[in-house]
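Novice:
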Amino acid sequence: MWPRGEPAAGGERGREGSTQRGQPRGSRRRHRSLTAAGAAPAAGQPVPSGRGPASAPRQPRLLPPSRRMPLGLSWPEAVALALLALALMVILCRYLWALRWSLSRDRGSALPLPRGSMGWPFFGETLHWLLQGSHFHSSRREKYGNVFKTHLLGRPVVRVTGAENIRKILLGEHTLVSTQWPQSTQIILGSHTLLGSIGDLHRQRRKGIKARNMLHEFMEKAIQEKLQRNNPEDHSDALDFIINSAKEHGKEFTIQELKESAIELIFAAFFTTASASTSLILLLLKHPSVIEKIRQELLFNEMYQQCESCPVEHCLDTLTTQSRDSKRPLTCPMARDAHEDQSQPPGSAEAGSCQPNTPPEPTFPQNSPCTGPQLQAPSGQSCHCPSDISLEKLSRLRYLDCVIKEVLRVLPPVSGGYRTALQTFELDGFQIPKGWSVMYSIRDTHETAAVYQSPPGGFDPDRFSATQTEAVGRFHYIPFGGGVRSCIGKELAQAILKLLAIELVSTARWELATPNYPAMQTVPIVHPVDDGLQLYFHLLQPGQGREG
Numbered sequence: 001m002w003p004r005g006e007p008a009a010g011g012e013r014g015r016e017g018s019t020q021r022g023q024p025r026g027s028r029r030r031h032r033s034l035t036a037a038g039a040a041p042a043a044g045q046p047v048p049s050g051r052g053p054a055s056a057p058r059q060p061r062l063l064p065p066s067r068r069m070p071l072g073l074s075w076p077e078a079v080a081l082a083l084l085a086l087a088l089m090v091i092l093c094r095y096l097w098a099l100r101w102s103l104s105r106d107r108g109s110a111l112p113l114p115r116g117s118m119g120w121p122f123f124g125e126t127l128h129w130l131l132q133g134s135h136f137h138s139s140r141r142e143k144y145g146n147v148f149k150t151h152l153l154g155r156p157v158v159r160v161t162g163a164e165n166i167r168k169i170l171l172g173e174h175t176l177v178s179t180q181w182p183q184s185t186q187i188i189l190g191s192h193t194l195l196g197s198i199g200d201l202h203r204q205r206r207k208g209i210k211a212r213n214m215l216h217e218f219m220e221k222a223i224q225e226k227l228q229r230n231n232p233e234d235h236s237d238a239l240d241f242i243i244n245s246a247k248e249h250g251k252e253f254t255i256q257e258l259k260e261s262a263i264e265l266i267f268a269a270f271f272t273t274a275s276a277s278t279s280l281i282l283l284l285l286k287h288p289s290v291i292e293k294i295r296q297e298l299l300f301n302e303m304y305q306q307c308e309s310c311p312v313e314h315c316l317d318t319l320t321t322q323s324r325d326s327k328r329p330l331t332c333p334m335a336r337d338a339h340e341d342q343s344q345p346p347g348s349a350e351a352g353s354c355q356p357n358t359p360p361e362p363t364f365p366q367n368s369p370c371t372g373p374q375l376q377a378p379s380g381q382s383c384h385c386p387s388d389i390s391l392e393k394l395s396r397l398r399y400l401d402c403v404i405k406e407v408l409r410v411l412p413p414v415s416g417g418y419r420t421a422l423q424t425f426e427l428d429g430f431q432i433p434k435g436w437s438v439m440y441s442i443r444d445t446h447e448t449a450a451v452y453q454s455p456p457g458g459f460d461p462d463r464f465s466a467t468q469t470e471a472v473g474r475f476h477y478i479p480f481g482g483g484v485r486s487c488i489g490k491e492l493a494q495a496i497l498k499l500l501a502i503e504l505v506s507t508a509r510w511e512l513a514t515p516n517y518p519a520m521q522t523v524p525i526v527h528p529v530d531d532g533l534q535l536y537f538h539l540l541q542p543g544q545g546r547e548g
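For the sequence shown, position 23 (counting from the first letter as 1) is numbered 23 according to the UniProt record's numbering, and the numbering increases by one without interruption.
(1) Is Ala110 helix, strand or coil when you go by DSSP?
(2) For Trp129, is the classification buried or exposed, using 16 other Cβ atoms within 10 angstroms of its Cβ as the cut-off for buried?
(3) Let's see if you can read the secondary structure: which residues bound the alpha helix (DSSP H) around Ala98?
(4) For the candidate residues Ser277, Val484, Ile169, Ser104, whose alpha-carbon lies nearest to that of Gln494?
(5) Check for me: the alpha helix (DSSP H) holding Trp129 runs from which residue to which?
(6) Measure how close the beta-carbons of Leu282 and Leu533 come, nearest whole angstrom, since I'm counting them as under 8 Å.
(7) For Gly124, does the count of other Cβ atoms within 10 angstroms reach 16, so buried, or fall short, so exposed?
(8) Give the DSSP-derived three-state secondary structure of Pro156 in the structure shown.
(9) Mapping DSSP to helix, strand and coil, what is Arg105?
(10) Under 9 Å, do Leu265 and Gly481 count as touching if we go by C-beta distance?
(11) Would you mind sorting Ile291 into buried or exposed? The rule is 16 or more other CB atoms within 10 Å of its CB.
(12) What residues in its chain sit with their C-beta under 7 Å from that of Ile255, if we drop five residues either side in the sequence?
(13) Buried or exposed, going by whether 16 or more other CB atoms sit within 10 Å of the CB of Met214?
(14) Restricting to Cα atoms, I'd like to know which of Gly119, Phe464, Ser486 is closest to Gly414.
(15) For Leu81 and Leu92, I'd like the C-alpha separation in whole angstroms.
(16) Given Gln521, which residues of its chain have a CB within under 7 Å of its CB, disregarding the five upstream and five downstream residues?
(17) Tell me, to the nearest whole angstrom, how far the beta carbon of Val177 is from that of Thr420; I am working on the premise that it is less than 8 Å.
(18) Can you grab the Cα-Cα spacing for the pair Thr514 / Leu152, in whole Å?
(19) Candidates Ser109, Tyr517, Ser139, Val505: which alpha carbon is nearest Gln296's?
(20) Name the DSSP bridge partner or partners of Pro528?
(21) Alpha carbon to alpha carbon, what distance is there between Ala508 and Leu397?
(22) Give the straight-line distance between the Cα atoms of Leu299 and Lys286, rounded to the nearest whole angstrom.
(23) With a 10 Å radius around its C-beta and 16 neighbouring C-beta atoms as the bar for buried, classify Asn516 as buried or exposed.
(24) Since Ile263 sits in a beta bridge, which residues does DSSP pair it with?
(25) Counting only the same chain and skipping the five closest in sequence on each side, list residues whose C-beta sits under 6 Å from that of Thr175.
(26) If you check the beta carbons only, do Ser437 and Gly416 fall under 9 Å apart?
(27) Quick check on the DSSP output: what are the complete alpha helix (DSSP H) runs of length 4 or more inside the stretch 439-498, in order along the chain?
(28) Between Ile432 and Val158, is the Cβ-Cβ spacing less than 9 Å?
(29) Is Pro378 buried or exposed, if buried means 16 or more other CB atoms sit within 10 Å of its CB?
(30) Whose C-beta lies closer than 8 Å to the C-beta of Ser33 among residues of the same chain, with five residues either side of it excluded?
(31) What residue does the beta strand (DSSP E) around Arg509 start on, and which one ends it?
(32) So, with DSSP's three-state summary, where would you put His249?
(33) With distance defined between alpha-carbon atoms, name the residue in Lys434, Phe253, Ser139, Pro114 nearest to Gly108.
(34) Using three-state DSSP, classify Thr175 as helix, strand or coil.
(35) Specify, as a first and last residue, the run of the beta strand (DSSP E) that His538 falls within.
The following block contains the structure:
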């Protein structure tokens with residue numbers, strides 16, 4: 001209840017409202033503005049300026065709740081703080097990852113672990129290795145030395161270079177180390193089965209199995225004939241060696257074992273032999289003087305194939321067919337104009353001249369119609385070609401043997417091998433813990449060996465001459481590995497390379513079909529990148545390569 005004499009607020013507002021309702025619209029607007037701004041000061045009173053002590057302090061402008069972060073941080077500040085925390089976490093994880101492998105050292109050995117980096121957690125340095133290729137190992141060898149640790153393909157690995165270090169690994173098979181492949185390789189090889197394949201891959205594998213069965217059927221007939229032969233000394237081949245080798249050790253192979261051995265001998269290590277053949281052609285192309293010396297040696301040993309004159313037209317159809325099938329240009333220089341300039345184009349492998357006392361006649365490739373012990377040319381002339389080259393004849397070609405060794409030294413098909421440490425052992429002042437992987441480097445050992453630094457980085461077959469080989473250690477040159485697990489087919493591979501070199505330098509010259517030499521990739525085996533090694537092959541003209 002209100003005191004007497006004072007009107008109620010509601011009544012006053014009601015009267016005011018009724019008074020305003022009776023006023024014009026413009027008067028009501030002015031009344032509202034005065035009410036909102038407050039009553040004007042009386043005459044003679046100072047007007048507040050807004051800056052004196054009577055005015056209220058200005059409050060800072062705050063972000064709306066939807067844009068505010070915890071702790072009162074702005075978005076840029078929060079992002080910067082998150083990045084800093086992430087960086088610290090990554091550094092901490094990498095430190096703990098390195099510490100984890102440092103603690104895995106054998107505490108029973110006082111030797112330290114090899115220097116090196118274990119990379120990032122779980123991934124190690126696998127991504128660096130895939131992106132950098134061969135530069136990955138060379139850069140870390142320069143930084144850490146011939147023995148360094150890394151982490152590749154999910155396992156700790158010690159990379160080893162140097163003849164003395166590799167000697168200890170290769171001779172320590174079954175005692176210090178055992179052969180091993182990365183887990184990823186084992187998974188890949190294990191999943192390649194006919195049952196687990198589908199589509200085109202399944203059809204290809206079925207065809208491969210059928211082809212193998214056909215070869216087995218043929219092999220079985222050949223084996224039966226050899227076993228029933230009255231005079232086994234008449235002719236010997238690889239199958240005879242397999243049979244006789246088993247008999248020498250008091251063992252008799254079954255027919256199935258002989259078939260499997262023969263098939264494996266035919267197809268085993270196909271890619272590595274193809275890699276070495278490509279390297280041979282490439283390096284001979286770059287060094288034509290080596291071709292000339294090979295021809296001189298063939299002439300000296302009377303192994304430069306001879307074939308009396310056969311009409312060129314007799315060979316053109318075959319050459320055209322070969323060129324069309326291989327999609328590579330194959331030209332026969334003997335069909336060109338006799339007045340054509342014989343100067344060699346850039347990149348040509350034509351070696352120049354060899355000047356024997358009695359130059360033999362030119363020859364043709366073995367798949368040419370002008371080959372064979374006795375072939376009739378259309379004109380009635382006969383082609384007389386020598387008999388097959390024997391291993392005894394190949395062994396007399398000392399310089400060619402040096403060429404093959406130098407090719408395998410400069411571009412070994414396989415860059416290294418894997419082993420697993422069976423026990424902790426010492427290597428170059430460092431400990432190799434039990435269970436760690438050891439990868440010995442063939443390519444790096446060839447590149448860094450002091451005995452091969454004259455001339456440095458050059459292609460010089462003479463470095464393998466008898467006078468210089470005496471000073472070379474056994475494990476400075478290891479294209480086929482060493483120890484009890486050295487390549488069992490190394491003699492066959494070298495014989496194939498020698499026969500390829502003899503056929504090429506005797507019958508043809510070759511040149512690049514591209515402006516530049518292709519770059520060579522070393523993983524998983526040595527091979528030219530992009531479109532491979534593209535070449536033009538030309539048959540030699542009569543007297544070409546034998547006369548100046």
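Just so it is clear, CB atoms sit at the ideal spot from N, CA and C, and this is done for glycine as well.
Specialist: Reading it off the structure:
(1) Indexing the sequence shown from 1 puts residue 110 at position 110. If DSSP states are grouped into helix, strand and coil, Ala110 belongs with coil.
(2) If you number the sequence shown from 1, residue 129 lands on position 129. The residue in question, Trp129, is buried, as its Cβ has 16 or more Cβ neighbours within 10 Å.
(3) If you number the sequence shown from 1, residue 98 lands on position 98. Start and end: 75-102.
(4) As a working note, residue 494 is residue 494 in the sequence shown. Of the listed residues, the one whose Cα sits closest to Gln494 is Ser277.
(5) Counted from its first residue, the sequence shown places residue 129 at position 129. Run containing Trp129: 126-132, per the alpha helix (DSSP H) assignment.
(6) Looking up residue 282 in the sequence shown gives position 282. Looking up residue 533 in the sequence shown gives position 533. Yes, Leu282 and Leu533 are in contact; Cβ-Cβ is about 6 Å, under 8 Å.
(7) Within the sequence shown, the letter at position 124 stands for residue 124. With 16 or more other Cβ atoms within 10 Å, it is buried.
(8) As a position in the sequence shown, residue 156 is number 156, starting the count at 1. Of the three classes helix, strand and coil, the one that applies to Pro156 here is strand, per DSSP.
(9) Locating residue 105 in the sequence shown gives position 105, counting from the first residue. Arg105: coil per DSSP, three-state reduction.
(10) As a first step, residue 265 is located in the sequence shown; it is residue number 265 there, counting from the start. As a first step, residue 481 is located in the sequence shown; it is residue number 481 there, counting from the start. No; because the gap between Cβ atoms is not below 9 Å, this pair is not in contact.
(11) What you label residue 291 is simply residue 291 of the sequence shown in a count that begins at 1. Classification for Ile291: buried.
(12) The count along the sequence shown starts at 1 and reaches residue 255 at position 255. Closer than 7 Å at Cβ, skipping near neighbours: Glu220, Ile223.
(13) Along the sequence shown, one-based indexing puts residue 214 at 214. By the 10 Å Cβ count, Met214 comes out exposed.
(14) In the sequence shown, counting from the first residue as 1, residue 414 sits at position 414. A small fix is needed here, since residue 414 is Val in this sequence, not Gly. Checking every option, the nearest Cα to that of Val414 belongs to Ser486.
(15) Walking along the sequence shown from the start, residue 81 turns up at place 81. Walking along the sequence shown from the start, residue 92 turns up at place 92. Computed Cα separation, rounded: 16 Å.
(16) What you label residue 521 is simply residue 521 of the sequence shown in a count that begins at 1. So the list reads Gly133, His527, Val529, once near-sequence residues are dropped.
(17) Walking along the sequence shown from the start, residue 177 turns up at place 177. Walking along the sequence shown from the start, residue 420 turns up at place 420. At roughly 6 Å, the Cβ-Cβ gap stays under 8 Å, so Val177 and Thr420 are in contact.
(18) On the sequence shown, position 514 is the one that residue 514 refers to. On the sequence shown, position 152 is the one that residue 152 refers to. Each residue's alpha carbon lies about 36 Å from the other.
(19) Taking the sequence shown and counting its residues from 1, one reaches residue 296 at position 296. It is Val505 whose Cα lies nearest to the Cα of Gln296.
(20) Translated into positions along the sequence shown, residue 528 becomes position 528. Note: Pro528 sits in a beta bridge opposite Met520.
(21) By 1-based counting over the sequence shown, the position of residue 397 is 397. By 1-based counting over the sequence shown, the position of residue 508 is 508. Spanning the two alpha carbons is a distance of roughly 20 Å.
(22) In the sequence shown, residue 299 corresponds to position 299, counting from 1. In the sequence shown, residue 286 corresponds to position 286, counting from 1. Straight-line Cα distance between these residues: approximately 22 Å.
(23) Here residue 516 is taken as the residue at index 516 of the sequence shown, counted from 1. Per the 10 Å Cβ criterion, exposed.
(24) Taking the sequence shown and counting its residues from 1, the one referred to as residue 263 is at position 263. Its beta-bridge partners do not exist; DSSP assigns none.
(25) Here residue 175 refers to the residue found at position 175 when the sequence shown is read from its first residue. If we look at Thr175 and ignore the five residues flanking it on each side, it has no Cβ neighbours.
(26) One-based indexing of the sequence shown puts residue 437 at position 437. One-based indexing of the sequence shown puts residue 416 at position 416. Cβ atoms of Ser437 and Gly416: not closer than 9 Å.
(27) 442-448, 466-469
(28) For this step, residue 432 is matched to residue 432 along the sequence shown. For this step, residue 158 is matched to residue 158 along the sequence shown. Yes, Cβ-Cβ distance for Ile432 and Val158 is below 9 Å.
(29) The residue labelled residue 378 in the question sits at position 378 within the sequence shown. In this predicted model, Pro378 has a pLDDT of only 40, less than 50, meaning its place in the structure is not dependable; the value taken from the coordinates is given anyway. It counts as exposed.
(30) Here residue 33 refers to the residue found at position 33 of the sequence shown. Its pLDDT being 47, under 50, Ser33 is placed unreliably by the model, and the measurement read from it follows with that caveat. Nothing listed; no residue qualifies.
(31) On the sequence shown, position 509 is the one that residue 509 refers to. Segment 508-512, the beta strand (DSSP E) holding Arg509.
(32) Against the sequence shown, residue 249 aligns to sequence position 249. It is coil, neither helix nor strand.
(33) By 1-based counting over the sequence shown, the position of residue 108 is 108. Gly108 has its Cα closest to that of Lys434, out of Lys434, Phe253, Ser139, Pro114.
(34) Position 175 of the sequence shown, counted from the start, is the residue given in the question as residue 175. Three-state DSSP puts Thr175 in coil, outside helix and strand.
(35) In the sequence shown, counting from the first residue as 1, residue 538 sits at position 538. Run containing His538: 535-539, per the beta strand (DSSP E) assignment.
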